[in-house]
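This report concerns only the one structure given below.
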Amino acid sequence: MKDFLAAVQRMGPGLYLIGLDFHIGFLRLDARGLRFIHSSYVTHRVTDEPAATAIPIVTSRYRMVGKILQPNMLRAWLRRTPIEVLGNR
Numbered sequence: 820m821k822d823f824l825a826a827v828q829r830m831g832p833g834l835y836l837i838g839l840d841f842h843i844g845f846l847r848l849d850a851r852g853l854r855f856i857h858s859s860y861v862t863h864r865v866t867d868e869p870a871a872t873a874i875p876i877v878t879s880r881y882r883m884v885g886k887i888l889q890p891n892m893l894r895a896w897l898r899r900t901p902i903e904v905l906g907n908r
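Take the working numbering: the last position of the sequence shown gets the number 908, and nothing is skipped along the way.
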């Protein structure tokens, strides 16, 4: 979990989509820190909580993260040009 949190921090401030074993949500990194925003399957409400202690993230075996809504991605989308996708190497 420590390595995962550090890797997201290195990607810089922004909004991210996160896919987990059985759940999906958003990560938001800003001055407040790294937050997990998702629809809670326990409370049936939208939840905004620290990512470091969010049970769906902590207990997941898989954590796939992609930064969304960056200016260069929006430009590429509008111009209909390919957007490079990088994975673990």
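C-beta: ideal position from N, C-alpha, C; glycine also.
Pairing D867 with I856 gives a Cβ-Cβ distance under 8 Å. L888 carries a coil assignment under DSSP once its states are collapsed to helix, strand and coil. For the set A825, I874, V827, P869, the Cα lying nearest the Cα of V861 is the one of I874. When DSSP states are grouped into helix, strand and coil, T878 belongs to the coil group.
Partner residues in the beta bridge of I837, as assigned by DSSP, are G844, V884.
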